[in-house]
Structures are given as C-alpha cells and as structure tokens.
Amino acid sequence: MNKNGFTLIELLGVIVLLAVLGVIIIPKVGNSITNSKNQAYDAQVINIKNSANDFLIDNTEVMKNNDIITIKLGVLKQGGYLPVNVKNPITGKIFSNESIIKVTKNNEKYDFELALIDLEDVNETIDSNYPILVLNGSYIEYVNINEEYKEKNATAQDSNGNNIEVSIQIKDGNQEVQKIDTSSFKTYNIVYSATDKEKRTTTATRTVIIRDNEAPKITFPKETTLSVEEVSSFDLNKDVVVTDNYDKNIKVSVNSQLSNKVGNHVITYTATDSSQNQTIERRVINVVLNK
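Quick note: the sequence shown uses this note's numbering, first residue 41, plus one each step.
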C-alpha cells in the first residue's frame, strides 16, 4: 500500500465493495420501510374496526345473526370515535369520510369489511367550516315487520351557528325510493344532507333494518280436565292456536307426554317463527278418575 494514499486498484476495490454492500443493504432497508408501513396500516385497520365496534355498542340494539349494516367513516369521525385526520400510513393521505365499514353479525360475532378511500380519490375536503349535522335518534334503527317507520330527522348548523335545512334521500340498495316499506325484510339507508351558503355540504347516513322481533303467541283453554278413560284419545293440539305478526301456519311442537296417572300434568308447547323468535308455553291438564 502507498503511504501517501490508496492506489487506483485499491480505490476500485473499495468502490466495488461499496456497490456490493449497496446492492445488499438498500433493498433490505426498502423492504423494512415497506413492512413497517404495512404493519402500521394493519394497526390502523384494527383501530377503525375497534372504533366501529364502540359505535355499535353505543348506537344500536343487539344485532341478530345475519344482520348487515353500513357505517361511513365520517360518522365515526363526527361521533368522536376517530380523529378527523385519520391517515393511511402507506400513502400518508387522510382517509375519506366516504370510506365504508360493512358490519355483518355471524355466530354472535361481528365481521368487519372495510372499503377505505384516500381523500384525493374523491371530491371532498376536510374543513372545520363545514356544516355540523347531527341525527336525531340512532344511526341504526330497527323496525318491526309491518310496523310504521317514524322518521326522526336531523338538525344542522353552519359554522356561524345558524340553523340550515336538511334534505333526506331514502335508498333501497343503490335505488332511490319514496318511502320505507316495512312489509318485507329489507335494509334501507337514509342519507341526510345539509348545505351552507358557501355550497359546503355535510352528509350523514342512518341505516334502517326491517326485521321481526315479535315471537308467536300460543293460546289454549285455561282449564282442562280429563277422566282417566279420556286420556288415551285426547289430542294435545286440540284448541291450541298459534298466531304471529308475520308468519302464517306456524307449527307448534309438544315437548311432553300425557299419562293416565291421576293428578296435574304439565304439557309444554313450543312455537318458532321464520326469524327464530320462539315462544314456550306450559299447559296444565288435570286427570281425574271420573268427571
């Protein structure tokens, strides 16, 4: 080695060594950064799901299995369940208020399906001067089949605190309809919009689920007395009537037997409708030697 410095061959060797190290190290650093962003994104998704779960606890009744509701990210922001500027860690952009969280209940657990949109992908801005829109009642409403839906409306104010008009649009899927029909099991979305003088618009969505919460009714004579001789020919379904608010011709099952032993016998009847609402009634039959 030259005491005054590196020779040309030595310098070339160092350059080659640095190039080799760069080829090895730079991709690993890049992969590490990518993995870190992906992990942060996954953590953000979990945070959004947890926020949606908190929202459901505060704003819904108990969901039944197979119920499906849709929540917009803007609703979670407006309700304080998420910060306004919740970001996509991969792109560094704020998630749009129009991002969707679809919630399905399966086997007593919530399944969350997210459709997250970056802010620049939609015509939307985050502006504290936008109108404040608040729904009266819950963001998710349950209506019993064949019962009238009563609209609770919403209130809105502009940035100066002045009340502004709220418009309502009812949607059955992607189709706009004039009213909510409660004669069949459906899920509707009611979109509320408030626009101020500067044409800034805030929207919120209420989900209305039509379902059957009412169990069948079982009626039978209050008092039944049979002689020992009558027991064997007695029809336990005689004079037993099942009615329901929606289903017709519901069958009733008898879960006990009647013997000719003298005394009181408890007969259990069970009726279940198509929505799995169930009623259990117990009937006492008195068996005597002779009437």
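In this text, a Cβ means the ideal position worked out from N, Cα and C, and glycines have one as well.
Kindly indicate the opening and closing residues of the alpha helix (DSSP H) around residue i.
i: Leu175; result: Unbroken run through Leu175 is the beta strand (DSSP E), Ile172 to Leu175; no alpha helix (DSSP H).
Classify residue i as helix, strand or coil using the three-state DSSP reduction.
i: Ser293; result: strand
i: Asp82; result: helix
i: Leu116; result: helix
i: Asn42; result: Model confidence at Asn42 stands at a pLDDT of 49, short of 50, so the residue's coordinates are unreliable and nothing is read from them.
i: Asn146; result: strand
i: Ile49; result: helix
i: Leu154; result: strand
i: Ser130; result: This sequence places Ile at residue 130; Ser is not what is there. Of the three classes helix, strand and coil, the one that applies to Ile130 here is coil, per DSSP.
Return the first residue and the last residue of the beta strand (DSSP E) that residue i is part of.
i: Ala311; result: Gly303 to Thr312
i: Glu138; result: Neither: Glu138 is in no beta strand (DSSP E) and is coded neither H nor E.
i: Thr319; result: Gln318 to Val328
For the candidate residues the options, whose alpha-carbon lies nearest to that of residue i?
i: Val336; options: Ser299, Thr308, Glu254 and Gly303; result: There is simply no residue 336 to check, as the chain begins at 41 and stops at 331 in what is shown.
i: Ile140; options: Ile88, Glu160, Lys278 and Gln215; result: Ile88
i: Asn295; options: Asn289, Ser272, Arg323 and Val268; result: Arg323
i: Thr222; options: Glu269, Asp198, Val248 and Lys239; result: Val248
i: Asp252; options: Asn186, Val292 and Ile109; result: Asn186
i: Glu269; options: Thr245, Ser299 and Leu58; result: Ser299
i: Gln209; options: Ile86, Arg246, Lys226 and Leu329; result: Arg246
i: Ser293; options: Glu321, Ser267 and Gly303; result: Glu321
i: Asn106; options: Lys142, Leu122, Gln297 and Leu57; result: Lys142
i: Val115; options: Ile134, Ser91, Ile108 and Gly132; result: Ser91
i: Leu159; options: Arg240, Asn128 and Leu266; result: Asn128
i: Lys226; options: Thr243, Leu266, Thr241 and Tyr182; result: Tyr182
i: Ala80; options: Val126, Leu96 and Ile108; result: Val126
i: Glu148; options: Lys104, Gln118, Glu191 and Gly119; result: Lys104
i: Val327; options: Lys211, Asn304 and Ala311; result: Asn304
Considering only residues of the region 175 to 243, which uninterrupted beta strand (DSSP E) runs meet the minimum length of 3 residues and lie entirely inside it, listed in chain order?
-> 180 to 184, 194 to 197, 206 to 212, 215 to 217 and 227 to 235
Touch test, the region 276 to 287 against the region 306 to 323, Cβ-Cβ under 8 Å, three pairs minimum | yes
Would you list, in sequence order, the uninterrupted beta strand (DSSP E) runs of no fewer than 3 residues that lie entirely inside the region 246 to 283?
-> 257 to 259, 264 to 267 and 281 to 283
Would you call the region 168 to 186 and the region 224 to 234 in contact, with 3 or more CB pairs under 8 Å?
-> yes
Inter-stretch contact (C-beta, 8 Å, three-pair minimum) for the region 192 to 201 and the region 211 to 222 = no
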